[in-house]
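Q: Can you keep this structure in mind? I'll have questions shortly.
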Amino acid sequence: MWEMLKEAIVAYTGLSPATFFTILALALAFYHAISGFFEPPPPPPRVVEREVLPPPVEVGEITEEELKAYDGTDPKKSLLMAIKGQIYDVSQGRGFYGPGGPYALFAGKDASRALAKMSFEEKDLTGDISGLGPFELEALNDWEFKFMSKYAKVGTIKKTVAATDGPADDSSQTEDAAVKDEGGPSENQDELAHPKEVAVEEVAKE
3 MWEMLKEAIV AYTGLSPATF FTILALALAF YHAISGFFEP PPPPPRVVER
53 EVLPPPVEVG EITEEELKAY DGTDPKKSLL MAIKGQIYDV SQGRGFYGPG
103 GPYALFAGKD ASRALAKMSF EEKDLTGDIS GLGPFELEAL NDWEFKFMSK
153 YAKVGTIKKT VAATDGPADD SSQTEDAAVK DEGGPSENQD ELAHPKEVAV
203 EEVAKE
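Under the numbering used here, read the sequence shown as residues 3 to 208, first letter to last.
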């Protein structure tokens, strides 16, 4: 095979096989060197623009009902969430807590009980942590530490106080009535204390 190739090289090129392969190698090297100058430049690296979040806005002390307005449905408002009565701005975690995120149902609520129990049930979306076990409370503390170290605290949940009814007024009225009752007999006692003077006045009139 090799002998036939050498004879063909000599017959068609008039060159020896060594000379032919040397020229072929130089031609390939020259081609690669020249073609490098005509290749288009590589595209510039793609710059991913990160969304610039506004600074956290303090909301102060608000009710749980007012907190619902910050559940992420309004893109102009901050995304807030509360744990153990403390409200945090979780806007930078919108991928987790925003609409469509895995923890979206926690946004705009005090989800202490749900976080402690790792529950996604509607009944556990509350700040009431009564009746939780030690392991659940420890899990809640871990969540709280994570929130404190990662998100800005912007407010607190306003605690609702049950309105008092009117027993106090009734008692005051009872006290006033007692005072009046005590005052009544004193007038009668004054009349009884001077029976002779009353009798003298009646005789004089006659």
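All residues carry an ideal CB built from backbone N, CA and C; glycine is no exception. As the structure is a computational prediction, the values presented were derived from the model and not from experiment.
Just reading off the alpha helix (DSSP H) that K152 is part of, what are its end residues?
A: Unbroken alpha helix (DSSP H) run through K152: 136–152.
Q: Near D126, what residues of its chain come up, given a Cβ to Cβ distance below 7 Å and the 5 sequence neighbours on each side ignored?
A: Counting only Cβ-Cβ distances below 7 Å, and skipping sequence neighbours, we find R115, A116, K119.
Q: Which partner residues does K79 have in the DSSP bridge list?
A: According to DSSP, which records beta bridges pairwise, K79 is partnered with nothing at all.
Q: By a C-beta neighbour count over all protein chains shown, 10 Å radius and 16 as the cutoff for buried, is F108 buried or exposed?
A: So F108 ends up on the buried side.
Q: Along the chain, where does the beta strand (DSSP E) that runs through I64 open and close?
A: From DSSP, the beta strand (DSSP E) with I64 extends over 62–64.
Q: Assuming contact is defined by CB atoms lying nearer than 8 Å, are K155 and I64 in contact in what I supplied?
A: Cβ atoms of K155 and I64: not closer than 8 Å.
Q: Looking at C-beta atoms only, is the number of pairs between the segment 82–92 and the segment 131–148 that lie closer than 8 Å three or more?
A: Cβ pair count under 8 Å is three or more, so yes.
Q: What residues in its chain sit with their C-beta under 6 Å from that of A113, if we drop five residues either side in the sequence?
A: Answer for A113: L127, listed in chain order.
Q: Do you know offhand how far T57's Cα is from K78's?
A: Residue 57 is actually Pro in this sequence, not Thr. Their Cα atoms are separated by approximately 13 Å.
Q: Let me confirm a value: F209 is counted as buried when at least 16 other C-beta atoms fall within 10 Å, else exposed. Which label applies?
A: The displayed coordinates of the chain run from 3 to 208. Any statement about residue 209 would go beyond what the structure contains.
Q: Buried or exposed: D91, going by 16 or more other Cβ atoms within 10 Å of its Cβ?
A: Classification of D91: buried, given that the 10 Å Cβ count is 16 or more.
Q: Could you check how far apart the C-beta atoms of I280 and T162 are, in whole angstroms? I think they sit under 8 Å.
A: Given a span of 3 to 208 for the chain in the structure shown, any question on residue 280 remains unanswerable.
Q: Could you compute how far the alpha carbon of S18 sits from the alpha carbon of L30?
A: Looking at the two C-alpha atoms, the distance is approximately 19 Å.
Q: Secondary structure at E103, three-state DSSP: helix, strand or coil?
A: The sequence given here places Gly at residue 103; Glu does not occur at that position. In this structure, G103 counts as coil in the three-state DSSP scheme.
Q: For D73 versus G103, is the C-beta distance shorter than 8 Å?
A: No. Outside cutoff.
Q: Could you check the C-alpha separation between E146 and E123 for me, to the nearest Å?
A: In a straight line, the C-alpha of E146 is about 20 Å away from that of E123.
Q: If we ignore side chains and look at the alpha-carbon of each, how far apart do A20 and M3 end up?
A: One C-alpha to the other measures close to 16 Å.
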